[in-house]
Amino acid sequence: MKNFEDHSHLIDETKQVDRKMQSKIDAGEAKNFSEAQELVMFDDTFAIDKERDIADIKKLMRRVRKDPKIGRLGSEYSQEGDKKYGWLKYLDEQVEAGQWEEDDLNFVIEELRKERIDDYFGNVARKYESAMPIPDSIVRLDQEAEIAETLRGDKPVLIRGNWRIGKTSMTRSLETHQFGSENSIIIDAMAESAGRDESLEDFQKHFGAHTIARFIAERELTGAELEDRFEKENELRKQIAESQKSPFEFLNNYLVQRGEKVFLSLDEVIGFAEQPEKLKYLADLKGLSNIQLTIVLHRFASFESSFKEIFDGYETHFVHSLTLEEVGTLVRKPLEGTQIIFTDDAIQKIFAFTGGRPMEINNVCRALMDQFSEHKNYKFTYHAEDIDALTGKETWQFGESFRVAIDTYKRVYGRSMSDEERAIIDRLIERDEVPVSEIDAEKVQSLIDTTFVAKDESKEIYRVNGILFKRVVLDQNL
């Protein structure tokens, strides 16, 4: 009898789900049972139960106001003030006794449901970093390993690319995955520099001193009190100044004495582009035996001939755009443990729109799931048409979600490219595809390196890489 009863219960549940699905189709909310099933699952996941969720219901009910003109529901921060001024509709005793109007109960249940949906998708959205460097990248791992192998072979590396492509993320991930924080020094050149007016002699004496002193102090006083480490740093800075050596020579001697090597990354050196003598000094650090040197250098057409001469002997690595498979990884990894999925067709659409550039990929995902996004579209399954609904908007409609990406593309096209490179981009936009035989391979290579032109080997054509970039350029040229 028990088995029969259990089986009957399952049949009843199935019938109930079927009825819910049919009602979704009848109401025009779903075109088929597959869509209806997802909508029912979504509703059930975030459904509010009057008994199970009574504590949360009461918490919100305490914030319901008498006069909806000033906002039907006050915030948790205004609750005490609302209570003081007599704006709240229910006393604490009434809430505890469940003495409220049915209309207010339905309102609170809907608000609580919205809050839970916002929290669920908001927590996922925050995993898609919109603009900051990523210290533990899950993509470009092959390129990262290739760079690490070069450095371990005692050859200096230039990490190159345009703004926001992931140069700093690459160096941070090298630190995390390949060398470890205890064996890595990462210096932001603009933060460490005393400014443009600093003489070369002073620059050589002081640049890097603070970071290097901190690195050595933390190595020698691991686990020590902060005050002791500060004292050690000050002592080391004095030693560097008195040594008559540059901070980097001082560091190299320190490492040689211990038979150790460190990974050193100098970021944002583009700030010295108009001071080639300082760039030359930094480039010459490649001669220090126990420093595995990486210099992060923005690609800027007007300085390229100078850079080529200064950084002779460096192995250059332009940060790649992502492959289709890597786009899938970047989109789907943060979704683990959730009910949210992106179909393969949706991934393909994101790939085409962004050109495989990580910041823009994250922008798409965040725009769909951030509660404050003007483009939010909460779903458990994102299909190609959901991506089209977002990316098919006019560029001006993208608003804050894509502001940084759009501004970056404007700067790249207007400032970072040469006239000749812009002409190639314009030609590719006008014709959509251009045979390889019609464009000088040497002239287009820099655009391929920086991810803005893609070469289709099978069709032997060039095309602009990324729909968003293409549209920004078109808007610029109107």
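For this note's numbering, count along the sequence shown from 1 and bump the result up by 76.
Yeah, the Cβ is synthetic: ideal placement off N, Cα and C, and Gly gets one too.
Among the residues of its own chain, which have a CB less than 8 Å from the CB of residue i, if the five just before and after it don't count?
| i | result |
| --- | --- |
| Q424 | L400 and A460 |
| Q552 | K486, Y489 and G490 |
| M77 | Here M77 scores only 40 on pLDDT, less than 50, and its place in the model should not be relied on; the value that follows carries that caveat. Here the set comprises nothing. |
| N541 | S397, G431, G432, T527, F528, V529 and A530 |
| E220 | S213, M246, S249, L250, H253 and Q254 |
| I52 | No information on residue 52 is available, as it lies outside the stretch 77 to 554 that the chain covers here. |
Kindly list the residues whose CB is nearer than 6 Å to the CB of residue i, restricted to its own chain and excluding five residues on each side of it in sequence; keep chain order.
| i | result |
| --- | --- |
| I185 | I124 |
| M493 | A377 |
| F279 | K354 |
Classify residue i as helix, strand or coil using the three-state DSSP reduction.
| i | result |
| --- | --- |
| S381 | helix |
| T121 | helix |
| H459 | coil |
| A530 | strand |
| Q254 | helix |
| H396 | coil |
| F183 | helix |
| V215 | coil |
| R539 | strand |
| G490 | helix |
| H286 | helix |
| S477 | helix |
| D264 | strand |
| T471 | helix |
| S249 | helix |
| E391 | strand |
| S154 | coil |
| I416 | coil |
| R240 | coil |
| F339 | strand |
| P323 | helix |
| I210 | coil |
| K142 | coil |
| P511 | strand |
| H368 | In the sequence on display, residue 368 carries Gln and not His. Q368: strand per DSSP, three-state reduction. |
What whole-angstrom Cβ distance do residue i and residue j have, given they're in contact under 8 Å?
| i | j | result |
| --- | --- | --- |
| L342 | I367 | Not confirmed; about 10 Å, so no contact. |
| A289 | I316 | 7 Å |
| L149 | R141 | 7 Å |
| A443 | L466 | 6 Å |
| F555 | I501 | This structure gives no information on residue 555, because the portion of the chain shown stretches from 77 to 554. |
| L276 | Y357 | 7 Å |
| T526 | F387 | Not really, about 17 Å apart at Cβ, beyond 8 Å. |
| Q447 | T121 | Wrong, their Cβ atoms sit about 16 Å apart, outside the cutoff. |
| Y538 | K531 | 6 Å |
| Y204 | P410 | 6 Å |
| T287 | E311 | Contact doesn't hold; Cβ gap of about 16 Å is too wide. |
| L115 | E187 | L115 to E187, Cβ: 20 Å. No contact. |
| V332 | I261 | Between I261 and V332 the Cβ distance is about 16 Å, and since that is not below 8 Å, they are no contact. |
Nearest CA to the CA of residue i: which residue from the options?
| i | options | result |
| --- | --- | --- |
| T430 | L355, E385 and Y485 | Y485 |
| E344 | W239, E187, Q552 and F387 | W239 |
| I463 | K362, M445 and G299 | M445 |
| E391 | P511, I130 and I235 | I235 |
| I223 | E450, D179, K314 and H396 | H396 |
| S449 | K535, Q320 and S206 | S206 |
| Y161 | E385, D143 and K126 | D143 |
| N182 | D388, I133 and E385 | I133 |
| E178 | R216, G157 and K126 | K126 |
| G58 | I130, Q113 and K165 | The structure shown has nothing for residue 58, since the chain only spans 77 to 554. |
| I130 | W176, E114 and L544 | W176 |
| L355 | P434, A428, R295 and M266 | M266 |
| G389 | Q219, K362 and G413 | K362 |
| V520 | I543, D495 and G174 | D495 |
| E470 | L544, K190, H374 and E274 | L544 |
| H374 | K145, G237, F474 and N259 | G237 |
| S477 | D180, R202 and D168 | R202 |
| V549 | R503, E536 and S513 | R503 |
| I292 | E336, E318 and E274 | E336 |
Which residues in the same chain as residue i place their Cβ atom closer than 7 Å to its Cβ, once the five residues preceding and following it in sequence are excluded?
| i | result |
| --- | --- |
| L297 | D304, R305 and K308 |
| I426 | V403, V407, I437, V440 and I463 |
| L86 | Any reading at L86 needs caution, since the residue's pLDDT is 46, under 50, leaving its predicted position unreliable; the model's value is listed next. If we look at L86 and ignore the five residues flanking it on each side, it has no Cβ neighbours. |
| I241 | V395, R433 and T527 |
| S257 | E251 |
With a threshold of 8 Å, are at least 3 pairs of Cβ atoms found where one atom belongs to the stretch 398-416 and the other to the stretch 243-262? no
Check whether the stretch 458-476 touches the stretch 411-429, counting contact only when three or more Cβ pairs, one atom from each stretch, lie closer than 8 Å. yes
Stretch pair the stretch 220-233 + the stretch 364-384: three plus CB contacts closer than 8 Å: yes
Any chance the stretch 344-351 sits against the stretch 374-383, with 3 or more Cβ pairs inside 8 Å? yes
Would the stretch 206-220 count as touching the stretch 246-263 if we require 3 or more Cβ pairs under 8 Å? Taking a cut-off of 8 Å on C-beta distances, the stretch 206-220 touches the stretch 246-263, as three or more cross pairs fall below it.
Within 8 Å, do at least three Cβ pairs link the stretch 311-325 to the stretch 265-283? When Cβ pairs closer than 8 Å are counted between the two stretches, the stretch 265-283 is seen to touch the stretch 311-325, the count reaching three or more.
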